[in-house]
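Peer 1: Residue numbers (my numbering): 2 to 198.
No residue lacks a Cβ here, since even glycine has one placed at the ideal position from N, Cα and C.
(1) The alpha helix (DSSP H) spanning residue 85 covers which residue range?
(2) Could you please give the first and the last residue of the uninterrupted alpha helix (DSSP H) stretch that includes residue 21?
(3) DSSP state of residue 105, grouped into three classes?
(4) On the three-state DSSP scale, how would you describe residue 173?
(5) Would you call residue 68 buried or exposed, if buried means 16 or more other Cβ atoms sit within 10 Å of its Cβ?
(6) Whose C-beta lies closer than 7 Å to the C-beta of residue 164 among residues of the same chain, with five residues either side of it excluded?
(7) Inspect the CB distances between the segment 41-55 and the segment 112-121 and report whether three or more fall short of 8 Å.
(8) For residue 166 and residue 36, what's the separation of their Cα atoms in angstroms?
(9) Thinking residue 43 and residue 124 are a contact (beta carbons under 8 Å), I'd like their distance in whole angstroms, please.
(10) Let's see if you can read the secondary structure: which residues bound the alpha helix (DSSP H) around residue 40?
(11) Which runs of the alpha helix (DSSP H) fall wholly inside the segment 114-153 and span at least 4 residues, in chain order?
(12) Please state if the CB of residue 190 and the CB of residue 85 are separated by a distance shorter than 8 Å.
(13) Rounding to the nearest angstrom, what Cα-Cα distance links residue 120 and residue 57 in this structure?
(14) Put residue 95 into one of helix, strand or coil per three-state DSSP.
(15) Are at least three pairs of beta-carbons, each pair with one atom in the segment 87-98 and one in the segment 12-21, less than 8 Å apart?
(16) Thinking C-alpha only, which one of 151, 110, 126 and 94 is nearest residue 181?
(17) Once the 5 residues before and after residue 101 are set aside, which same chain residues still bring their CB inside 7 Å of it?
(18) Give a yes or no on whether the C-beta atoms belonging to residue 40 and residue 170 are separated by under 8 Å.
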């Protein structure tokens, strides 16, 4: 894979992983509510799930979405419904209590979440169909796409996590938390709109 194509993959991966979307909203919300360590586990699960989607797309699963648009529509409808339900749950979350032990989504849930995340599917299919080379170079280029997404996904995920950790210092009252949860819920719901356009 030449340097120009590597830069193109990196640019796409940075934009796809770094822009607001369901994964980044979850990471920000988790870091704000539960702290760094639980969110790190969620981030690793998200990256595992995304890597599996990329690998399945490289093995040909992505071609099913390209050949049968009804699968894309089904994924968008199911994923949108799940994301709207998740936004509703976030909006209704009570402020965290210092004397109770709460837990974030674990790494398994973060990985499984990718199955219902239409943005993750779109990233995986687009990356493998757009940046892999044909013939004997196919698998070497596919592994590079996987590696670039892993590295940049972890970096951008950490940035969203750190953003959430910094937000914690501003949330002092139940009213602040309620507004924060409502804002995160709105951003999560807004990511559904981005999926359809």
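Peer 2: Concretely, from the data shown:
(1) Counting along the chain, the unbroken alpha helix (DSSP H) around residue 85 starts and ends at 70-92.
(2) Where residue 21 is concerned, there is no enclosing alpha helix (DSSP H), because DSSP gives it neither an H nor an E.
(3) Secondary structure at residue 105: coil, using DSSP grouped into helix, strand and coil.
(4) In the structure shown, residue 173 sits in coil (DSSP, three-state: anything other than H, G, I, E or B).
(5) By the 10 Å Cβ count, residue 68 comes out exposed.
(6) Excluding residues within five positions, the ones whose Cβ falls inside 7 Å are 29.
(7) A contact exists between the segment 41-55 and the segment 112-121.
(8) Between residue 166 and residue 36, the alpha-carbon positions lie close to 7 Å from each other.
(9) Actually they do not touch by this definition, with Cβ atoms about 18 Å apart.
(10) Looking at the DSSP string, the run of the alpha helix (DSSP H) that includes residue 40 is 37-59.
(11) The segment 114-153 contains, as complete alpha helix (DSSP H) runs of 4+ residues, the segments 119-132 (chain order).
(12) The answer is yes: Cβ separation under 8 Å.
(13) Here the C-alpha atom of residue 120 lies approximately 15 Å from the C-alpha atom of residue 57.
(14) Coil.
(15) No, because fewer than three Cβ pairs between the segment 87-98 and the segment 12-21 fall closer than 8 Å, the two stretches do not touch.
(16) Looking at the Cα atoms, 94 is the closest of the given residues.
(17) Low per-residue confidence applies at residue 101: pLDDT is 46, beneath 50, and the placement is therefore not dependable, though the value from the model is reported in the following sentence. Closer than 7 Å at Cβ, skipping near neighbours: no residue.
(18) In this structure, residue 170 does not lie closer than 8 Å to residue 40 by Cβ.
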